[in-house]
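One structure is given here, and the rest of the page talks about it.
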Amino acid sequence: MNAPLWVALPVVALAALAAQADVRTRRIPNALTGPAIGLALLAHLAFEGPAGLKSSAIGMLVAGGLLLPGWLLRFMGAGDVKLVAALGAWFAFPQALLVTLFSFIAGGVVALVV
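Given below as structure tokens:
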């Protein structure tokens with residue numbers, strides 16, 4: 001998957017901050033995921049116009065929506081859902097589908113190790 005630098009840098013920072021918070025407190029704070037979603041939507045609007053905003057919003061909804069049942073069934077926390085929604089917003093549709101698939105794979109590997 002190929003992402004422009006204006007997507008890759010914030011995604012790496014977001015993932016690092018979320019992992020640090022999750023390991024330290026077992027929570028991913030709304031103060032991290034909320035602004036990340038907002039900035040992703042604004043960045044796509046600024047760099048790609050209305051079509052970019054639309055694909056970012058769809059990516060957010062698809063990625064978050066695919067993880068929502070896991071939260072409803074108490075397999076994961078709401079912070080995980082919001083984090084993947086933020087990543088989906090940054091990567092935008094259709095790349096958000098791959099991000100979600102990779103998050104499922106990573107979660108499975110972590111579950112096996114734990």
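Residue numbers (the numbering used here): 1 to 114.
For every residue, glycine included, the Cβ atom is placed at its ideal position computed from N, Cα and C.
Quick caveat, the model's predicted, so the values are computed rather than measured.
Beta-carbon proximity check, residue i vs residue j, cutoff 7 Å
| i | j | result |
| --- | --- | --- |
| ALA106 | ALA63 | no |
| PHE93 | SER55 | yes |
| LEU53 | THR100 | no |
| ILE28 | ALA16 | no |
| GLY88 | GLY59 | yes |
Same chain only: Cβ atoms within 7 Å of residue i, ignoring 5 sequence neighbours per side
| i | result |
| --- | --- |
| ALA36 | LEU14 and ALA86 |
| TRP90 | VAL7, PRO10, VAL11 and ALA40 |
| LEU98 | MET1 |
| ALA21 | ARG27, ILE28, PRO29 and LEU32 |
Nonlocal neighbours in the same chain, by C-beta distance under 8 Å from residue i, ignoring five residues either side
| i | result |
| --- | --- |
| TRP78 | Going by the sequence as given, residue 78 is Ala instead of Trp. Around ALA78: TRP71. |
| ALA57 | LEU41 and ALA89 |
Residue span of the alpha helix (DSSP H) that contains residue i, given as start and end
| i | result |
| --- | --- |
| PRO4 | Counting along the chain, PRO4 falls outside any alpha helix (DSSP H), and DSSP gives it neither H nor E. |
| GLY88 | 78 to 91 |
| PHE75 | Here PHE75 belongs to no alpha helix (DSSP H), and DSSP marks it neither H nor E. |
| VAL109 | 95 to 113 |
Close Cβ partners of residue i (< 6 Å) along its chain, the five nearest in sequence each way excluded
| i | result |
| --- | --- |
| LYS82 | THR33 |
Residue i beta carbon near the ligand ATP (any heavy atom closer than 6 Å)
| i | result |
| --- | --- |
| MET60 | No copy of the ligand ATP appears in this structure; indeed no ligand is present at all. |
Requested in this report: At 3 residues or longer, and completely inside the segment 33 to 60: list those beta strand (DSSP E) runs for me, N to C.
Outcome: none
Query raised in the report: What are the uninterrupted segments assigned as alpha helix (DSSP H) that are 4 or more residues long and contained completely in the segment 4 to 29, given in chain order?
Result: 5 to 25
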